[in-house]
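Engineer: Before we start, here is the structure in question, set down as structure tokens.
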Amino acid sequence: MSPGGVALVVAVVASSALLRCDALYFMVTEGVTRCFLEDVPEDTLVVGKYKNFDAGIAVGQTQGTVESVPGIEIYVEEPTQGAEIYSGKADREGRFVFTSHDGGEHKICLSVSSSNWFGMSRKFKFELHLDVGESAVDYNEMAKVEHLTAIEVEIRKLTDMVRGIRSEQSYQRARERAFRDTSESTNSRVMWWSIAQTVFVVVTGVWQVFYLKSFFKKKKLV
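If you count by mature numbering (1 follows the signal peptide of the UniProt record, and there is no 0), then the sequence shown holds residues -23 to -1, 1 to 199, one letter each, in order.
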């Protein structure tokens, strides 16, 4: 295989590994917050698409019977300080976009305010679809807006793919360093604790020997 063919295969494999698409189906109860963790590298685009299958439909009724829908909020917290980097109201369906400032597990939460003070709390079925990195970019829309040719779009995809690979590698190296530092710190503490225990046992043994020797002398047993 020619070097160009090898490079193409590598690019295809790498691009398929970078396409991170997560889809979730879950129930959200009024007055309850549901949260999910998404591991995102630093400076990475994330596009979330959601759909509320039960919005506006009365409990136990078929479509067409409209009931008041409580407010639904979506917010995203960063992994380091826990500060909100996105907050917004959710309609029946829509999308939200944010760019990670720090690498780590971002908390994505949906909260449904309760509208029934005395009745049964309603449940809403949600679908949440997350596109991370290159898969979050709409290249068709980009081509229309920037008037790009098909070749330019492919070049832009490869450029974003390489940038994503570098970002993912940097993030993984940072996690490895943190894990290594934690392991070395733990091993160091265990070693010093073992040394302290050994010293304590030796000192205690020596003290017991001198104490017993002094005791026997006082009793004139030695």
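From the three backbone atoms N, C-alpha and C, an ideal C-beta is built for every residue, glycine too.
1. Span of the beta strand (DSSP E) holding residue 101?
2. Are the CB atoms of residue 54 and residue 84 nearer to each other than 7 Å?
3. In three-state terms, what does DSSP make of residue 179?
4. How far does the alpha helix (DSSP H) with residue 196 in it reach, from first residue to last?
5. Answer with buried or exposed for residue -1, where buried requires no fewer than 16 other C-beta atoms within 10 angstroms of its C-beta.
6. For residue 120, I'd like the list of residues in its chain whose CB is within less than 7 Å of its CB, leaving aside the five on either flank, ordered along the chain.
7. Determine the burial state of residue 67: buried for a count of at least 16 other Cβ atoms within 10 Å of its Cβ, exposed for fewer.
8. Do you know whose CA, among 82, 112 and 99, lies nearest residue 9's CA?
9. Does residue 64 come out as helix, strand or coil in the three-state DSSP assignment?
10. In this structure, does DSSP put residue 125 in helix, strand or coil?
11. If I'm right that residue 71 touches residue 27 with Cβ under 8 Å, what's the distance once you round it to whole angstroms?
12. Would you call the CB atoms of residue 17 and residue 112 closer than 7 Å?
13. Grab me the residues of residue 122's own chain with a C-beta within less than 7 Å of its C-beta, minus the 5 sequence neighbours each way, in chain order.
14. Identify the residues that DSSP records as bridge partners of residue 10: which are they?
15. Give me whichever residues DSSP pairs with residue 51 in a beta bridge.
16. Do residue 79 and residue 24 come within 7 Å of each other at the CB atom, strictly closer than that value?
17. Taking the alpha-carbon positions, what's the residue 75 to residue 161 distance?
Structural biologist: The answer reads as follows:
1. 100 to 109
2. yes
3. helix
4. That residue, residue 196, is in no alpha helix (DSSP H); it is neither H nor E in DSSP.
5. exposed
6. 130
7. buried
8. 99
9. strand
10. coil
11. 6 Å
12. no
13. none
14. 88
15. 65 and 87
16. no
17. 35 Å
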